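The listed protein sequences correspond, in order, to chains Y and D.
All residue numbers for the first sequence refer to this note's numbering, where the first residue is 49 and numbers rise by one.
All residue numbers for the second sequence refer to this note's numbering, where the first residue is 134 and numbers rise by one.
The next block holds one structure in the form of structure tokens; read it before the comments.
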Amino acid sequence: MRRREFLTLPASSMGGVLIYALSGEPIRLQAQNGTLRVPLRFFTEPDARTIAAAAERIFPSDASGPGAGEAGVVVYIDRQLAGPYGRDKYRYTKGPWVESIPEHGYQGKANPQQIYREGLRQLDGFTALSPAEQDARLTSIGKSTFFQMLRTHTIEGMFCDPLHGGNAGMIGWQMLGYPGPLMSFRDDLEKYRGVPYKKAPKSLSQVVGRPVKGWEEETG
Amino acid sequence: MERLKPTDVVIVGGGWTGLTMAKEITHRTALSVVVLERGPGRKMADYGSAMDEVDYSLRFRMMQNIAEETVTHRHTLRDTAVPIRQYGAFLPGTGVGGSGEHWTGFAERHAEDDFKLATEMKQRFSAARLPDNLSIQDYPLTYHDLEPYYWKVEQMMGVGGKAGNLRGKIVEGGNPFEAPRAHEYPNPPHKMTWLMNVWTDAAKAVGYRPFPSPAATLTQNYTNPDGISRGACQYCGYCMLYGCMVGAKAQPTNTLLPLLKPKKSFTLRTDSWARRIVHRDGKAEGVEYMDADGKQVMQPASIVIVASFTQNNSRLLLLSGIGDKYDAATGKGSLGKNFTHTVGGPGGATIFFDKPLNNFMNAGGQAMRFADFDGFRGIDPDAGVLRGGQGVGGGAGGGHPIAAFGRVPAGEVSRNWGSDWKKAALKYYDRIGSGGNFEMDHLAYKHNYLDLDPTYTDKWGDPLLRLTIDWTDHENNQRQMAAKISTKIAQQMARATGGRLIPAESGGLRASKRYQTAAYATTHLQGGTIMGSSPDDSVVNSWQQHWRVPNLFVVGASSFPQNSAAHPTLTAVALTLRTADAMIDRYVRRPEVLL
């Protein structure tokens, strides 16, 4: 059994409410004080800081809006990797293993957990680098399976339902103007023709009125 | 092996075709029916809490567990096949309702000439014009034989649409090229979005005749002839790859299962994996399967109906050693023959509109189409195209934030991550429309077929099914045609709205000229146990009855001897209702080969 690991963060660093200045620039308001202590399921604490830093370079917090840090992307990735997806429970993993053409998709033996472990080795010392040095390091591994996966997972963690640990406070959905999995747009479909649908988003749990668990919670 | 008490009928597969057979048999006869469904039970109440993009669109939670069984693929007879390790080009569902739970609800009929394609093509084109290795053959029935059954399915599902040809009279607003219908659709068409209206106006402006797509997602509250009431579609946007949380999308669990549950003669066994059809001397004796506890059991039956997903129908017959395996080298044999998919376009130019499209509001089957290039119409044989398809505009699906995010025109930013990319992706999010997709006939060829893989196996150790299939010049010519037409409409959409035209992207998997299994195309796999007029060139007759084993019926899109651009579900269920009539009215009384 591995030692329990936690990622400790200021509560104000994640989630919050997005408002837009007259100039159109998004401003994030977050009134939460104190610290968050997020239990980690797959990463060690230093690994989580490395992945969080890399995700932040892929999807930075900047003038166009919040980024991977505020959305808690690393929490999303940690849970996906610890769940059935990370262990390839739903991928065909019988041999023989052979190389094939891109038309056949990923044929590698390594599962997402193993791909991240290898990727983390390539990002050794990453958190100590300057942003420009970090970008150079990521560029150097830009074609790797690991980097492509990290980029995909970063976008997923930005815009997933918060039940998966990312998109904290629905900060990603606020940025997009996506209202969440609402039960009906029947009356709105013809009303909002090319005009913004300005409604505060709702998560799936809020829509159905009870907590919803993701597939990553499946054990065994 | 445990031998269960015999039943009159055993059905493999609890999807559209299996439950259609079960419903007809249990409501019209006293026969006992056992349905073996490999996946879990499903109910509408589960779907409300399943509107989640990660689990259902990205991790494919409603699909067959590909870790337990997949298929292998190779392009040609000379290649060694590799397993499809994760889902991509097609998504077969599992559980009660099968793929009929997560389908999109497009519900078009086949065209009249789809049923006699071989004859038509030979009349129209010289032998030199026809591609080598073509193996299309006519259906053993006509559109007119099937018309009353189409109408039954449309009523059962509550299809919404607008007739374009009522008993030969062309009607404004519908598809002017469709085969004659005896009735108007049971429900009106869907409401359309802003983008669909822009697309429609543009398609008309360049000379095409768009019409609303027929859809099995209810456009208003509806009670079908069986007395099943369902509520209207809410345009929630969670349709394709999802079960419907209000029951507006016609699914086997909301149209057929409620009629079956009260029947004492009906037994549904979930988590039951059929492995062999037991047969002796040209007679099926039952089905051998693994039950929920992993125990091997044999269910004896007087009639066996195979109604699993398309390619599994072929696989179960191959594993059971029933019929003549098709040999692509000699062209002999019929089992596994005429395997087809759908030809989709790589896409044409797109348009940037500087306003939100609100693509997250949509319904499955909610789209406009045109048939000006469907079948033999509008095509250019000199450009190497002998058969076209339908254009679909404003398309349903999409609008989920993860999949929709990140579309940035080529060349706009230097790399696909970081601040510049993020800023551009936010700018383009939900603001790009297209000139439409194409769904085109995929001709059947001698070299595209199904057999068992010599190397890879499923969780029980049974050989996987092997797909040998590749695109030919003809399909790549079709796709070029589609991209040109789509671009023409996109140009008009840009002109009409002041939107900015974005040139078509080159490269990427969908643009590959080879058949690919990694990115989604459609789940419209067809053929393998095809119907025909002779046991020499087909597996089943026009009643989907096995030529050599008369108490074995094999139903579904696996029966299609060639492919239509139309989505397969409506036709698969219509053929199944016709089979049910023949079985109940004739076969049960006189169990012999139906003619």
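For each residue, glycine too, the CB sits at the ideal point set by N, CA and C.
Note that the structure is a prediction, hence the values are computed from the model and not measured.
So, for residue i: in the same chain, excluding its five sequence neighbours on each side, which residues have a beta-carbon less than 6 Å away from its beta-carbon?
i, result
"G660/D", "N471, F472, T473 and F693"
"I436/D", "V142 and N684"
"Y648/D", "I602, D603 and W604"
"D404/D", "A425"
With a CB to CB cut of under 7 Å and the five nearest residues on each side skipped, what residues in its chain are close to residue i?
i, result
"S453/D", "R409, I410 and H412"
"T98/Y", "L168, L171, F174 and T175"
"K428/D", "E135"
"G517/D", "D606, H607 and N610"
"Y562/D", "A537 and F538"
"E90/D", "Nothing can be reported for residue 90/D: it is not among the residues displayed for chain D, which extend from 134 to 728."
"A20/Y", "Residue 20/Y lies beyond the range of chain Y shown here (49 to 268); nothing can be said about it."
Counting only Cβ pairs nearer than 7 Å, list the residues of chain D close to residue i.
i, result
"F90/Y", "None at all; the shortest Cβ gap to chain D is about 16 Å."
"E73/Y", "Those do not exist, as E73/Y stays about 12 Å from chain D at its closest Cβ, beyond 7 Å."
"R241/Y", "W327"
"I207/Y", "Checking the sequence shown, residue 207/Y turns out to be Phe, not Ile. Near F207/Y (Cβ distances below 7 Å), the residues of chain D are P534, I535 and F538."
Which residues of chain D have a Cβ atom closer than 9 Å to the Cβ of residue i, listed in chain order?
i, result
"M231/Y", "G181, M184, Q367, C369, M378 and V379"
"G270/Y", "What is shown of chain Y runs 49 to 268, which leaves residue 270/Y out entirely."
"E238/Y", "K324, M325, T326 and W327"
"P210/Y", "Near P210/Y there are no residues of chain D at all, since even the closest Cβ is about 11 Å away, more than 9 Å."
"P244/Y", "K488, P489 and N491"
Take residue i and list the residues in its own chain whose beta-carbon comes closer than 8 Å to its own, dropping the five residues that flank it on each side.
i, result
"R681/D", "G415, I455, G456 and P668"
"F194/Y", "I163, Y164, E166, G167 and Q170"
Report the neighbours of residue i on chain Y: residues whose CB is nearer than 9 Å to its CB, in chain order.
i, result
"Y589/D", "Y140, K142, G143 and P144"
"A651/D", "P150, E151, H152, G153 and Y154"
"Y101/D", "As shown, chain D starts at 134 and ends at 728. That puts residue 101/D outside it, with no answer to give."
Identify the contact partners of residue i in chain Y, using a Cβ-Cβ distance below 8 Å as the criterion.
i, result
"Y562/D", "L224"
"I199/D", "Y138, R139 and Y140"
"T333/D", "The premise fails here: T333/D is roughly 14 Å from chain Y at the closest Cβ pair, so nothing lies under 8 Å."
"T203/D", "Y140"
"L642/D", "P150 and E151"
"V215/D", "V146, S148, H152 and Q155"
For a contact meaning CB atoms closer than 7 Å, what does residue i contact in chain Y?
i, result
"W550/D", "I106 and R199"
"T219/D", "The question names Thr, yet the displayed sequence has Gln at residue 219/D. In chain order: R139, G153 and Y154."
"H645/D", "The question names His, yet the displayed sequence has Ser at residue 645/D. Simply E151."
Run down chain D in chain order and give the residues with a C-beta less than 8 Å from the C-beta of residue i.
i, result
"Y133/Y", "R192"
"S112/Y", "S552, K555, K556 and L559"
"E204/Y", "V187, L191 and I535"
"R234/Y", "A365, C366, Q367 and Y368"
Practice problem: Quick one: which unbroken alpha helix (DSSP H) runs of 4-plus residues sit fully inside the segment 529-581 of chain D? Chain order, please. | Solution: You should have 534-537 and 552-561.
Quiz item: Just by C-beta distance, which residues in the segment 530-541 of chain D are closer than 7 Å to chain Y?
Solution: Cβ contacts with chain Y: P534, I535, F538 and G539.
Quiz item: Taking three-plus beta-carbon pairs below 8 Å as touching, is the segment 340-359 of chain D in contact with the segment 285-303 of chain D?
Solution: In short, these stretches touch, since the Cβ pair count reaches three.
Quiz prompt | Under 9 Å (Cβ pairs) to chain Y, residues found in the segment 473-484 of chain D | solution = Listed by position along the chain: nothing, the set is empty.
Quiz item: Which runs of the beta strand (DSSP E) fall wholly inside the segment 669-706 of chain D and span at least 3 residues, in chain order?
Solution: Complete beta strand (DSSP E) runs here, min 3: 685-687.
Quiz prompt | Contained beta strand (DSSP E) runs [length at least 3] in the segment 618-676 of chain D, N- to C-terminal order | solution = Runs found: 633-635 and 659-661.
Practice problem: Inspect the CB distances between the segment 478-492 of chain D and the segment 234-245 of chain Y and report whether three or more fall short of 8 Å. | Solution: Result yes; three or more Cβ-Cβ pairs closer than 8 Å.
Quiz prompt | Three CB pairs or more closer than 8 Å across the segment 550-566 of chain D and the segment 596-606 of chain D | solution = In this structure the segment 550-566 of chain D does not lie against the segment 596-606 of chain D, because fewer than three pairs of beta carbons, one per stretch, are closer than 8 Å.
Practice problem: Quick one: which residues of the segment 274-304 of chain D get their C-beta closer than 8 Å to a C-beta of chain Y? List them in chain order. | Solution: For the segment 274-304 of chain D, which is checked against every Cβ of chain Y, not one residue is closer than 8 Å.
Quiz prompt | Ordered list of alpha helix (DSSP H) runs contained in the segment 437-479 of chain D, each at least 4 residues | solution = Within the segment 437-479 of chain D, complete alpha helix (DSSP H) segments of at least 4 residues are found at 443-453, given in chain order.
Practice problem: Could you say if the segment 223-243 of chain Y and the segment 143-151 of chain Y meet the contact criterion of at least three C-beta pairs nearer than 8 Å? | Solution: As far as the Cβ criterion goes, the segment 223-243 of chain Y does not touch the segment 143-151 of chain Y, which means the pair count is below three.
Quiz item: Are the segment 217-228 of chain D and the segment 252-261 of chain D touching, with three or more C-beta to C-beta distances below 8 Å?
Solution: Touching, no, given that fewer than three Cβ pairs across the two stretches are closer than 8 Å.
Self-check item: the segment 249-266 of chain Y touching the segment 164-183 of chain D, judged by at least three CB pairs closer than 8 Å
Solution: Between the segment 249-266 of chain Y and the segment 164-183 of chain D, the count of C-beta pairs closer than 8 Å reaches three or more; the two stretches touch.
Quiz item: Using a Cβ cut-off of 8 Å, which residues of the segment 223-242 of chain D contact any Cβ in chain Y, in chain order?
Solution: Residues passing the 8 Å Cβ filter: none.
Practice problem: Please confirm if the segment 288-301 of chain D is in contact with the segment 338-353 of chain D, defined as three or more CB-CB distances below 8 Å between the two stretches. | Solution: Flag = yes, the segment 288-301 of chain D and the segment 338-353 of chain D touch.
Quiz item: What residues from the segment 161-189 of chain Y come within 8 Å of chain D, judged by C-beta to C-beta, listed N to C?
Solution: Of all residues in the segment 161-189 of chain Y, D183, L186 and T187 have a Cβ within less than 8 Å of some Cβ in chain D.
Practice problem: Check whether the segment 227-236 of chain Y touches the segment 561-570 of chain D, taking contact to mean three or more Cβ pairs, one atom from each stretch, closer than 8 Å. | Solution: With a cut-off of 8 Å on Cβ pairs, the segment 227-236 of chain Y is not in contact with the segment 561-570 of chain D, counting fewer than three such pairs.
Quiz item: Fully enclosed by the segment 364-447 of chain D, which beta strand (DSSP E) runs are 3 residues long or longer?
Solution: Fully enclosed beta strand (DSSP E) runs of 3 or longer: 399-402, 406-413, 416-423 and 429-439.
Quiz prompt | Near-chain Y residues of the segment 655-684 of chain D (beta-carbon distance less than 8 Å), N- to C-terminal order | solution = Taking a C-beta cut-off of 8 Å against chain Y, none of the residues of the segment 655-684 of chain D qualify.
Practice problem: Could you run through the segment 249-267 of chain Y and flag, in chain order, every residue whose CB is less than 7 Å away from some CB of chain D? | Solution: Within the segment 249-267 of chain Y, those residues whose Cβ lies closer than 7 Å to any Cβ of chain D are, in chain order, L252, V256, V260, G262 and W263.
Quiz item: Going along the chain, which unbroken runs of the alpha helix (DSSP H) with 4 or more residues stay wholly within the segment 284-339 of chain D?
Solution: With a minimum length of 4 residues, the continuous alpha helix (DSSP H) runs that stay inside the segment 284-339 of chain D are 327-338.
Quiz item: Where are the beta strand (DSSP E) runs, 3 residues long or more, that stay fully inside the segment 474-515 of chain D, in chain order?
Solution: As far as the segment 474-515 of chain D is concerned, its whole beta strand (DSSP E) runs of at least 3 residues are 483-485 and 501-503.
Quiz item: Taking any Cβ of chain Y, which residues in the segment 385-405 of chain D have a Cβ under 9 Å from it, in chain order?
Solution: Considering only beta carbons, no part of the segment 385-405 of chain D lies closer than 9 Å to chain Y.
Quiz item: For the segment 55-136 of chain Y, which segments carrying the beta strand (DSSP E) assignment without a break, of at least 3 residues, lie completely within its bounds, in sequence order?
Solution: If we require 3 residues or more, the beta strand (DSSP E) runs fully inside the segment 55-136 of chain Y come out as 65-68, 74-77 and 83-88.
Quiz item: On the three-pair Cβ rule with 8 Å, is the segment 227-238 of chain D touching the segment 375-395 of chain D?
Solution: Yes, the segment 227-238 of chain D is in contact with the segment 375-395 of chain D.
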